[in-house]
Amino acid sequence: MKIIIVIVLIASFFLFGKKEVHEWTLRAMATSDFTERCGQETKCIKAVEEQVEDCLKKAKWQELMDDTEDEAVKKYFAKTLTACFVNEAGKPYFAS
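In the working numbering, the protein residues as written are 7 to 102.
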């Protein structure tokens, strides 16, 4: 799966701008990582797939891309993204 992401990423550099490639890559990696954490729980997987775009926005992914060295930005991103994926009752699937 990761090799496919790399191939598509390289091809994307020629078709899209840097921002779009960063967003697509981050979305693909977050989706892959969190759905893997869901295990076999189908409701969790569906929630991750449906919520990933909004969760990345809430976690301010663009700020992370602008300053990947700032520990506070990285902590905020990781904590916010992890806590963002919720079930129907609003309870987070993953502990932050």
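Beta carbons are placed, not taken as given, at the ideal position from N, Cα and C, and that holds for glycine. All figures in this text were calculated on a predicted structure; none of them were measured in a lab.
Candidates the options, of which the one nearest residue i by Cα
i	options	result
PHE83	GLN68, GLU94, VAL92	GLN68
TYR99	GLU26, ILE10, VAL54, THR31	VAL54
HIS28	LEU70, CYS44, ILE9, ILE10	LEU70
ALA89	ILE10, ASP76, GLN57	GLN57
GLU26	GLU59, ASP39, VAL92	GLU59
Extent of the continuous alpha helix (DSSP H) to which residue i belongs
i	result
PHE83	77-90
ALA53	48-64
GLU69	67-72
For residue j and residue i, believed in contact at Cβ under 8 Å, the rounded distance
i	j	result
LEU62	ALA36	6 Å
LEU87	ALA65	4 Å
LYS52	ASN93	At roughly 10 Å, the Cβ-Cβ gap does not stay under 8 Å, so LYS52 and ASN93 are not in contact.
Within-8 Å CB hit, residue i to chain D
i	result
CYS44	Absent here is chain D; the protein component of the structure consists of one chain.
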